Amino acid sequence: MIANLWRNRMAERGTTLPREAVAGLTTFMASAYLVVVIPRLLSGGGMDQGAATTATLIVMALGSLAMGLYANLPFIVGPGIGGAALLGITLTQVEHLPWPSALGIAMASGVLFTLLTITGARGWVMRLVPREIKLGLGASIGLFIALLGCRDAGMVSVNAKTNALSLGDFSQAGPQMALVGLGVAVALQARRVPGAILAGIIAAAGLGAVLGITLAPATPLGLPPAMGPVLGHVDWAGVFTIKALPYLFAYFVAEFFSTMGTTLAVGAKAGLTDHDGNLPQIDRPFLVDALAATFGPMLGIPGGTALVESAAGASAGGRTGLVPITASLCYLASLLAIPLAMAIPKQATAPALILVGTGMMGSLRQLGGERLEETLPPVLMLLATLIANSFGTGIAVGLVSYVLICLIGGRARRVTPGLLLLSLPLAYYLYTTVHR
313 MIANLWRNRM
323 AERGTTLPRE
333 AVAGLTTFMA
343 SAYLVVVIPR
353 LLSGGGMDQG
363 AATTATLIVM
373 ALGSLAMGLY
383 ANLPFIVGPG
393 IGGAALLGIT
403 LTQVEHLPWP
413 SALGIAMASG
423 VLFTLLTITG
433 ARGWVMRLVP
443 REIKLGLGAS
453 IGLFIALLGC
463 RDAGMVSVNA
473 KTNALSLGDF
483 SQAGPQMALV
493 GLGVAVALQA
503 RRVPGAILAG
513 IIAAAGLGAV
523 LGITLAPATP
533 LGLPPAMGPV
543 LGHVDWAGVF
553 TIKALPYLFA
563 YFVAEFFSTM
573 GTTLAVGAKA
583 GLTDHDGNLP
593 QIDRPFLVDA
603 LAATFGPMLG
613 IPGGTALVES
623 AAGASAGGRT
633 GLVPITASLC
643 YLASLLAIPL
653 AMAIPKQATA
663 PALILVGTGM
673 MGSLRQLGGE
683 RLEETLPPVL
693 MLLATLIANS
703 FGTGIAVGLV
713 SYVLICLIGG
723 RARRVTPGLL
733 LLSLPLAYYL
743 YTTVHR
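The sequence shown: position 78 = 390 (this note's numbering), numbered continuously.
Encoded structure:
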């Protein structure tokens with residue numbers, strides 16, 4: 313009966329079991345680098361890297377399985393680099409929040425996402441946040457991630473007191489490893505080779521082994537580390553503070569619009585959207601994403617969302633939920649190879665951060681118009697992110713400046729009551745940031 317159900321689903325979308333299986337393997341290869349990068353970022357905030365790696369694979373496996381079974385769409389689900397950087401770097405190292413409190417902020421965002429999905433209030437949220445702020449948000453997070461990659465590689469050094477940037481020493485092994493990995497990843501990505509970023513990480517780690525930086529694990533395969541050090545450690549105490557507001561906003565907006573953008577873009581690539589560009593039954597992938605964003609923090613991971621790496625499977629011909637189901641089985645099998653993933657140094661994962669971050673900054677290409685409120689806030693958002701070394705501050709600067717420019721520039725109609733209400737606590741956050 314189940315076999316007939318899937319046979320009918322594949323027939324409806326003009327695909328076959330071998331094609332779906334290949335697409336699932338392709339998607340897994342394209343996303344496997346996240347299994348290395350996400351735990352590495354989280355460990356920077358004090359989380360146990362082994363436990364975080366196990367949790368990452370479990371979230372990706374369960375989220376992708378749910379997407380395949382419930383939504384029947386070729387999207388994988390897992391934690392994004394932006395959310396991991398927000399928890400592992402900004403909230404814990406910059407804002408000095410304990411990582412359980414940071415997980416609480418991530419979970420609160422997921423709960424809000426779930427409520428809006430169930431009540432159908434997504435349209436109101438879409439109208440509340442100006443398009444320019446959405447585009448600037450993605451670019452700001454991308455800038456922060458790319459800069460983080462350069463720092464991990466030793467290409468850039470940062471003065472801890474002033475946040476002043478300077479070039480690193482490229483005669484050292486770290487930058488050389490990262491440059492080799494970056495070159496390999498770019499060359500393969502330009503040729504549309506699946507798993508290009510993973511290949512770059514492996515190339516950099518291989519050079520690191522020659523240079524004595526990458527150390528082989530005692531046993532390459534073994535049982536996965538227990539999730540106990542991160543499982544269920546969610547603290548809500550940090551959620552209800554003014555400091556948490558821009559980051560709660562960052563988590564929510566990133567999850568909300570990333571999910572929508574990914575599902576529509578990948579759905580179009582797979583030929584699943586209608587003539588108006590809409591994806592039928594889009595509530596289903598939204599609900600899966602919302603639940604992954606809610607329950608992911610309980611496992612120790614800052615939420616899950618539909619991943620853009622799903623496009624690799626769609627390009628390989630994937631059309632049904634068998635794609636994420638196949639990828640889910642691969643994630644589960646990878647639990648036995650965690651010692652290998654943990655042996656990869658941060659200099660080898662830096663190319664992934666640089667490529668993903670610079671790719672996110674491409675959202676600025678969509679900015680149009682000549683009015684000041686359309687161009688200046690996203691630029692100020694980028695500058696504030698760079699100067700403050702915090703995209704929470706960047707988000708606050710961007711949204712508050714948008715409201716101010718509209719109000720004093722004769723465009724007050726563009727400031728809705730909801731947007732004005734949101735800008736007030738963000739303005740207070742900026743005040744406390746400047747005077748602390």
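For every residue, glycine included, the Cβ atom is placed at its ideal position computed from N, Cα and C. Nothing here was measured: the structure is a model prediction, and the numbers come from that model.
Element boundaries [alpha helix (DSSP H), containing Val691]: Numbered from 1 along the sequence shown, position 379 holds the residue referred to as residue 691. Here the alpha helix (DSSP H) through Val691 covers Leu684 to Ala700.
Can the beta-carbon of Ala373 be found less than 8 angstroms from the beta-carbon of Gly633? For the purposes of this step, residue 373 is identified with residue 61 of the sequence shown, where counting begins at 1. For the purposes of this step, residue 633 is identified with residue 321 of the sequence shown, where counting begins at 1. No, the pair does not count as a contact, with Cβ atoms beyond the cut-off.
Nearest to Thr705 by alpha carbon, out of Val496, Ala538 and Phe456? As a position in the sequence shown, residue 705 is number 393, starting the count at 1. Here the closest residue by C-alpha is Phe456.
Return the CA-CA distance between Glu686 and Ala528, expressed in angstroms with no decimal places. Taking the sequence shown and counting its residues from 1, the one referred to as residue 686 is at position 374. Taking the sequence shown and counting its residues from 1, the one referred to as residue 528 is at position 216. Cα to Cα, Glu686 sits roughly 51 angstroms from Ala528.
Taking the beta carbon of Arg725 as the centre, do at least 16 other beta carbons fall within 10 Å, making it buried, or is it exposed? Taking the sequence shown and counting its residues from 1, one reaches residue 725 at position 413. Exposed: under 16 other Cβ atoms inside 10 Å.
Between which residues of its own chain and Leu698 is the CB-CB distance below 6 angstroms, once the five residues before and five after are set aside? In the sequence shown, the residue the question calls residue 698 occupies position 386. Cβ neighbours of Leu698 beyond the five flanking positions: none.
Are there 16 or more other CB atoms within 10 angstroms of the CB of Ala433, so buried, or fewer, so exposed? As a first step, residue 433 must be located in the sequence shown, where it is residue number 121. Exposed: under 16 other Cβ atoms inside 10 Å.
Assuming Thr661 contacts Val347 under a Cβ cut-off of 8 angstroms, what Cβ separation, rounded to an integer in Å, is found between them? If you number the sequence shown from 1, residue 661 lands on position 349. If you number the sequence shown from 1, residue 347 lands on position 35. Actually they are not in contact, since the Cβ atoms of Thr661 and Val347 sit about 11 angstroms apart, beyond 8 angstroms.
Assumed close pair Ala396, Val542 - CB separation to whole angstroms, cut-off 8 angstroms: Taking the first residue of the sequence shown as 1, we reach residue 396 at position 84. Taking the first residue of the sequence shown as 1, we reach residue 542 at position 230. Going by Cβ atoms, the distance from Ala396 to Val542 rounds to 13 angstroms, so no, they are not a contact pair.
If the criterion is Cβ atoms closer than 8 angstroms, does the pair Leu591 and Leu599 meet it? For the purposes of this step, residue 591 is identified with residue 279 of the sequence shown, where counting begins at 1. For the purposes of this step, residue 599 is identified with residue 287 of the sequence shown, where counting begins at 1. Contact flag unset, no.
Counting only runs that start and end within the segment 459-531, where is the beta strand (DSSP E) found for 3 or more residues in a row? 468-470 and 477-479
Can you find a CB in chain B that lies within less than 8 angstroms of the CB of Lys581? Note that chain B does not occur in the displayed structure, where there is just one protein chain.
Please classify Val522 as buried or exposed, where buried requires at least 16 other C-beta atoms within 10 Å of its C-beta. Your numbering for residue 522 matches position 210 in the sequence shown. It counts as exposed.
Report all residues from its chain with a CB closer than 6 angstroms to the CB of Ala604; omit the five preceding and five following residues, and keep chain order. Taking the first residue of the sequence shown as position 1, residue 604 is located at position 292. Closer than 6 angstroms at Cβ, skipping near neighbours: Gly375, Val389 and Gly616.
Which residue marks the beginning of the alpha helix (DSSP H) containing Asn384, and which one marks its end? Locating residue 384 in the sequence shown gives position 72, counting from the first residue. Neither: Asn384 is in no alpha helix (DSSP H) and is coded neither H nor E.
Can you tell me which of the three DSSP states Thr617 falls into? Stepping through the sequence shown from its first residue, residue 617 is reached at position 305. Three-state result, Thr617: strand.
Any contact between the segment 476-495 and the segment 506-521? By contact I mean 3 or more CB pairs, one from each, below 8 angstroms. yes
So Ala532 and Leu652 are in contact, right, with Cβ under 8 angstroms, and what is the actual spacing, rounded? Translated into positions along the sequence shown, residue 532 becomes position 220. Translated into positions along the sequence shown, residue 652 becomes position 340. The amino acid at residue 532 is misidentified as Ala; the sequence shows Pro. About 5 angstroms separates the two Cβ atoms, so the contact holds.
In this structure, how does DSSP classify Arg723 when only helix, strand and coil are distinguished? In the sequence shown, residue 723 corresponds to position 411, counting from 1. It is coil, neither helix nor strand.
Tyr640 and Thr574: beta carbons closer than 8 angstroms? Position 328 of the sequence shown, counted from the start, is the residue given in the question as residue 640. Position 262 of the sequence shown, counted from the start, is the residue given in the question as residue 574. With the sequence shown as reference, residue 640 is identified as Ser, and Tyr is not the correct amino acid for it. In this structure, Thr574 does not lie closer than 8 angstroms to Ser640 by Cβ.
Which of helix, strand or coil DSSP assigns to Leu644: For this step, residue 644 is matched to residue 332 along the sequence shown. DSSP places Leu644 in helix when its eight states are reduced to three.
Which residues bound the alpha helix (DSSP H) around Lys658? If you number the sequence shown from 1, residue 658 lands on position 346. Counting along the chain, the alpha helix (DSSP H) containing Lys658 begins and ends at Lys658 to Met672.
Minimum C-alpha distance to Ser646 - residue among Leu679, Gly534 and Leu684: As a first step, residue 646 must be located in the sequence shown, where it is residue number 334. The residue with the shortest Cα to Cα distance from Ser646 is Gly534.
Can you list, in chain order, the residues of its chain whose CB lies under 7 angstroms from that of Ala624, leaving out five sequence neighbours each side? Indexing the sequence shown from 1 puts residue 624 at position 312. Around Ala624: Thr338, Thr339, Ala342 and Pro506.
Going by DSSP, what residue range makes up the alpha helix (DSSP H) through Met539? For this step, residue 539 is matched to residue 227 along the sequence shown. Taken as a continuous stretch (DSSP letters only), Met539 belongs to no alpha helix (DSSP H), as it is neither H nor E.
C-alpha gap between Met467 and Asp481, whole angstroms: Taking the sequence shown and counting its residues from 1, one reaches residue 467 at position 155. Taking the sequence shown and counting its residues from 1, one reaches residue 481 at position 169. Cα to Cα, the separation comes out at about 7 angstroms.
Could you tell me the alpha carbon to alpha carbon distance between Tyr559 and Gly461, rounded to whole angstroms? In the sequence shown, the residue the question calls residue 559 occupies position 247. In the sequence shown, the residue the question calls residue 461 occupies position 149. Distance between the alpha carbons of Tyr559 and Gly461 is about 21 angstroms.
Under 8 angstroms, do Pro391 and Ile613 count as touching if we go by C-beta distance? One-based indexing of the sequence shown puts residue 391 at position 79. One-based indexing of the sequence shown puts residue 613 at position 301. It is a contact, given that the beta carbons lie within the stated cut-off.
How many angstroms separate the CA atom of Thr368 from the CA atom of Gly394? Position 56 of the sequence shown, counted from the start, is the residue given in the question as residue 368. Position 82 of the sequence shown, counted from the start, is the residue given in the question as residue 394. Taking the straight line joining both Cα atoms gives about 14 angstroms.
With H, G and I counted as helix, E and B as strand and the rest as coil, what does DSSP make of Met359? On the sequence shown, residue 359 is found 47 positions in, with the first residue counted as 1. Looking at Met359 - three-state DSSP - the assignment turns out to be coil, as it is neither helix nor strand.
His545: buried (16+ other C-beta within 10 angstroms of its C-beta) or exposed? Sequence index remark: in the sequence shown, residue 545 carries index 233 (1-based). Flag for His545 reads buried.
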